[in-house]
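The structure under discussion appears below in the form of structure tokens.
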Amino acid sequence: MVSLNAIDRLQGLFSKLPGLGKKSAGRLVYHILDADPSYARALGEELLAFHRAIKRCSRCGSYTEQDPCPICADPAREPVICVVERAQDVRVIEESREFRGRFHVLGGVIAPLEGVNPENLRIEELLARVRREGISEVILAMNPTVEGDTTALYLRKVLRDTGVEITRLASGLPVGGDLEYADRLTLSRSFRGRVRL
Ligand SMILES: [Zn+2]
């Protein structure tokens, strides 16, 4: 019989995941208990191997099983870089099928109060790529938040010397909203209507 402690421990771990409170974490725990044991085993094995299997692409910074990632390794990608805050934004934009260029993951946005300064983000790497890869346009796809705006202005300043065209995703994204929750149509519109900075 499973001791109550094991249930509590797993519930505690699940409740640390975003969007899961204690109650829904508990539901997951009992769901796993009720399910076929092979499910728990597969889940455990995948989690154990996860960090070994997935690494960051040394070029764009997104998560990948091979380095460089399939997008960076694709010679058919246009010489345009879409700059995003987090690795999961790459997936959202890829699924919209609106963009056929390359990506660059910053790893966050400038937020001095939270201790995130420009040197903590992958900005030097971006500058190097713009020069090395002959990039014609940089699309800034930060979320429309105060920190996103600050970061866009900062990037415009440091990119200016490279002579690359700099654009930002158009409105259509809800103000203060999250790229992750934008639907495909909204995302397509903001790509087509992007504005020059
Ligand atoms: Zn990559």
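First residue of the sequence shown: 0, per numbering that gives the first Met the number 0; consecutive thereafter.
Backbone N, C-alpha and C fix where the C-beta goes; we use that ideal spot for every residue, glycine too.
Output yes or no for whether 8 Å exceeds the beta carbon distance between R90 and C71. Between R90 and C71, the C-beta gap is not smaller than 8 Å, which leaves the two residues out of contact.
Quick check: what's the CA-CA separation for L196 versus C81? Across the structure, L196 and C81 are spaced so that their CA atoms are roughly 14 Å apart.
Alpha carbon to alpha carbon, how far is A52 from A5? Give it in angstroms, no decimals. Cα atoms of A5 and A52: separation of roughly 27 Å, rounded to the nearest angstrom.
Strictly by DSSP, which residues pair up with T63? BP columns for T63 point to K54.
Output the boundary residues of the beta strand (DSSP E) element that contains T166. Its beta strand (DSSP E) spans residues E164 to R167.
Taking only three categories from DSSP, how would you classify A24? Correct three-state label for A24: helix.
Please tell me whether, using a cut-off of 7 Å, the distance from the CB of I53 to the nearest non-hydrogen atom of ligand 1 is below it. I53 Cβ: outside cutoff for every heavy atom of ligand 1.
Flag this pair as touching only if the region 148-158 and the region 54-74 have three or more C-beta atom pairs under 8 Å; answer yes or no. Flag = no, the region 148-158 and the region 54-74 do not touch.
Which residues does DSSP list as the beta-bridge partners of V137? Answer is I80 and I165.
Specify the secondary structure class of V157 as computed by DSSP and reduced to three states. Correct three-state label for V157: helix.
Name the two residues that bound the continuous alpha helix (DSSP H) containing G115. Checking the sequence, you will find Val at residue 115 rather than Gly. Where V115 is concerned, there is no enclosing alpha helix (DSSP H), given that its DSSP letter is neither H nor E.
Measuring only from the beta carbon, is R131 closer than 7 Å to any heavy atom that is part of ligand 1? In this structure, R131 has its CB at a distance of at least 7 Å from all heavy atoms of ligand 1.
Kindly indicate the opening and closing residues of the beta strand (DSSP E) around R101. For R101, the uninterrupted beta strand (DSSP E) segment begins and ends at R101 to V104.
Quick test of the definition: if touching needs 3 or more C-beta pairs under 8 Å, does the region 118-137 touch the region 159-169? The region 118-137 is in contact with the region 159-169.
From N142 to F190, what distance separates their C-alpha atoms? Here the alpha carbon of N142 sits roughly 13 Å from the alpha carbon of F190.
Does the separation of the CB atoms of L126 and T161 fall below 8 Å? Result yes, Cβ atoms of L126 and T161 sit closer than 8 Å.
Please confirm whether S95 and L186 have their CB atoms less than 8 Å apart. Yes; because the gap between Cβ atoms is below 8 Å, this pair is in contact.
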